[in-house]
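Visitor:
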Amino acid sequence: MDTIFRGAIIYIFLLIIFRISGKRTLYDATLFDFVLLLIIAETTQQALLGDDFSIVNGLLLIITLIFMDICLSLIKQKFKSFGKVVDGTSLILLDNGKLLTERMKKERVDEGDILESARALHGLEHLSQIKYAILEKDGKITIIPKEKAS
Amino acid sequence: MNKHNGELEIDEDAPFEKRFWTVQRIGWLIMLLVILAAMFGFTGRGGLSGINKIKKASQSQSLVLEYDRFQRYQVSDKLTVKLQQLQTTAPTITFSKVFYEKIRVEQVVPQPEKVEINANEITYTFSISQPSGDVIFYTKPMHAGSLEVMVKGPNNERVPISMFVYP
Numbered sequence: 001m002d003t004i005f006r007g008a009i010i011y012i013f014l015l016i017i018f019r020i021s022g023k024r025t026l027y028d029a030t031l032f033d034f035v036l037l038l039i040i041a042e043t044t045q046q047a048l049l050g051d052d053f054s055i056v057n058g059l060l061l062i063i064t065l066i067f068m069d070i071c072l073s074l075i076k077q078k079f080k081s082f083g084k085v086v087d088g089t090s091l092i093l094l095d096n097g098k099l100l101t102e103r104m105k106k107e108r109v110d111e112g113d114i115l116e117s118a119r120a121l122h123g124l125e126h127l128s129q130i131k132y133a134i135l136e137k138d139g140k141i142t143i144i145p146k147e148k149a150s
Numbered sequence: 001m002n003k004h005n006g007e008l009e010i011d012e013d014a015p016f017e018k019r020f021w022t023v024q025r026i027g028w029l030i031m032l033l034v035i036l037a038a039m040f041g042f043t044g045r046g047g048l049s050g051i052n053k054i055k056k057a058s059q060s061q062s063l064v065l066e067y068d069r070f071q072r073y074q075v076s077d078k079l080t081v082k083l084q085q086l087q088t089t090a091p092t093i094t095f096s097k098v099f100y101e102k103i104r105v106e107q108v109v110p111q112p113e114k115v116e117i118n119a120n121e122i123t124y125t126f127s128i129s130q131p132s133g134d135v136i137f138y139t140k141p142m143h144a145g146s147l148e149v150m151v152k153g154p155n156n157e158r159v160p161i162s163m164f165v166y167p
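The listed protein sequences correspond, in order, to chains P and V.
At position 7 of the first sequence the residue is numbered 7 (full-length UniProt numbering), and the sequence of numbers has no breaks.
At position 137 of the second sequence the residue is numbered 137 (full-length UniProt numbering), and the sequence of numbers has no breaks.
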């Protein structure tokens with residue numbers, strides 16, 4: 001029973017903490033994010049297992065975590081507003097060639113991030129070539145170039 | 001699905017995101033407060049004396065207890081009992097029932113001569129030749145929540161201690 005509570009608490013805690021930390025926190029695996037991910041994984045593993053390394057404990061944990069994930073997706077499907085709270089929504093950062101700086105500041109995105117996505121996805125060179133830049137729910141920035149949109 | 005500028009189909013909800021930014025900032029503030037609280041000792045293991053490291057003495061100062069107020073479930077800790085003005089070479093230290101029911105005593109230094117247990121108390125008897133001496137109990141809480149223990153010294157002086165064990 002202890003294992004199930006541990007699994008559920010850690011799952012919900014990680015969900016809340018990553019949601020609060022913002023969309024961009026763990027999207028791009030820069031060196032710091034990579035280190036953060038490694039440390040969190042290691043800490044979580046210890047908090048989840050405690051000092052019980054038995055197979056039963058491991059299996060119980062896996063079942064608990066996957067079952068919680070299924071439940072969450074079912075609730076999200078049934079209640080769209082809950083999905084919005086858990087996942088957030090997409091957000092336009094560059095609208096018709098115009099940078100929405102307040103949104104960018106709040107989401108901790110700068111021009112360089114938008115240009116990086118523009119280069120990677122479409123080989124674009126200037127901001128002026130972008131019609132829309134959208135911060136997706138998973139923290140990725142998608143780009144719609146001017147020529148393609150028109 | 002909403003159409004932005006009549007062309008871009010997107011599930012954007014800017015007012016919701018704006019509200020969520022406020023929630024996010026509050027969340028960051030809470031994280032900072034948790035870190036500060038941990039540094040001060042509110043989450044156990046170190047911190048400032050008076051917050052986590054507690055020193056309590058009986059009125060006559062013959063029984064002094066040093067312990068951590070905030071402990072963690074199944075994490076080793078210690079309780080130091082300082083005995084002063086001893087009038088016997090076989091002093092006893094008695095703890096209320098909670099001490100043996102909800103805490104596992106892993107080691108006692110120095111080793112007691114005798115340990116007696118009854119329905120309400122556990123009594124350790126030591127052999128100390130000097131007028132004062134320290135006894136260290138290495139403990140591990142086996143129960144999460146608050147723990148109230150009554151400690152009784154060789155001269156029957158009582159010192160209550162309260163601890164909180166984080167799950």
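We treat Cβ as the ideally placed atom computed from N, Cα and C, and that holds for glycine.
Since the model is a prediction, treat every value here as computed from it, not as a measurement.
(1) Counting only C-beta atoms, is phenylalanine 18 of chain P closer than 8 Å to chain V at any point?
(2) Mind pulling the chain P residues with CB within less than 8 Å of asparagine 10 of chain V?
(3) Check the Cβ of residue 173 of chain V against every Cβ in chain P and list those closer than 7 Å, keeping chain order.
(4) Tell me, please, which residues DSSP counts as bridged to valine 149 of chain V.
(5) Quick one: complete beta strand (DSSP E) runs, 3+ long, within the stretch 61–117 of chain V?
(6) Please give me, in chain order, every unbroken run of the alpha helix (DSSP H) with length at least 4 that falls completely inside the stretch 8–91 of chain P.
(7) Round the Cβ separation of leucine 65 of chain V and isoleucine 161 of chain V to the nearest angstrom and send it over; I've been treating them as touching at under 8 Å.
(8) Given a threshold of 16 other Cβ atoms within 10 Å of its Cβ, counted over all protein chains shown, does serine 90 of chain P qualify as buried or as exposed?
(9) DSSP puts glutamate 9 of chain V in a beta bridge; with which residues?
(10) Using the beta-carbon count (16 or more within 10 Å), is asparagine 52 of chain V buried or exposed?
(11) Return the chain-ordered list of same chain residues with a C-beta closer than 7 Å to the C-beta of lysine 114 of chain V, the five sequence neighbours on each side being excluded.
(12) Does the Cβ-Cβ distance between lysine 140 of chain V and serine 76 of chain V come in under 8 Å?
(13) Name the residues in the stretch 11–22 of chain V whose C-beta lies less than 9 Å from a C-beta of chain P; which are they?
(14) Less than 8 Å between CB atoms is the rule here; does residue 171 of chain V satisfy it with respect to chain P?
(15) Find the nearest neighbour of isoleucine 136 of chain V within the set V:Asp13, V:Val81, V:Gly145, judged by alpha-carbon distance.
(16) Short check: CB of serine 58 of chain V to CB of glutamate 148 of chain V, under 8 Å?
(17) In terms of residues, what are the limits of the beta strand (DSSP E) holding leucine 115 of chain P?
(18) Might you give, ordered along the chain, the residues of its own chain that have their beta carbon closer than 8 Å to the beta carbon of alanine 119 of chain V, omitting 5 neighbours on each side?
Guide: Straight from the coordinates:
(1) Cβ-Cβ to chain V under 8 Å: no for phenylalanine 18 of chain P.
(2) Looking at the sequence itself, residue 10 of chain V is isoleucine, so the reference to asparagine does not match. Chain P residues near isoleucine 10 of chain V: Ser90, Ile92, Ile134.
(3) Nothing about residue 173 of chain V can be read from this structure; chain V reaches only from 1 to 167.
(4) V:Ile161
(5) 63–68, 70–72, 77–83, 92–96, 103–109, 114–117
(6) 31–49, 55–78, 80–87
(7) About 6 Å separates the two Cβ atoms, so the contact holds.
(8) buried
(9) V:Lys3
(10) buried
(11) Thr125
(12) yes
(13) If the cut-off is 9 Å between Cβ atoms, the stretch 11–22 of chain V has Asp11, Glu12, Asp13, Ala14, Phe16, Glu17, Lys18, Phe20, Trp21 near chain P.
(14) Look at the range of chain V in this structure, 1 to 167, and you will see that residue 171 of chain V is not part of it.
(15) V:Val81
(16) no
(17) It is not in any beta strand (DSSP E) - leucine 115 of chain P instead sits in the alpha helix (DSSP H) that spans 111–122.
(18) For alanine 119 of chain V, where only same-chain residues beyond five positions count, the Cβ hits under 8 Å are Lys97.
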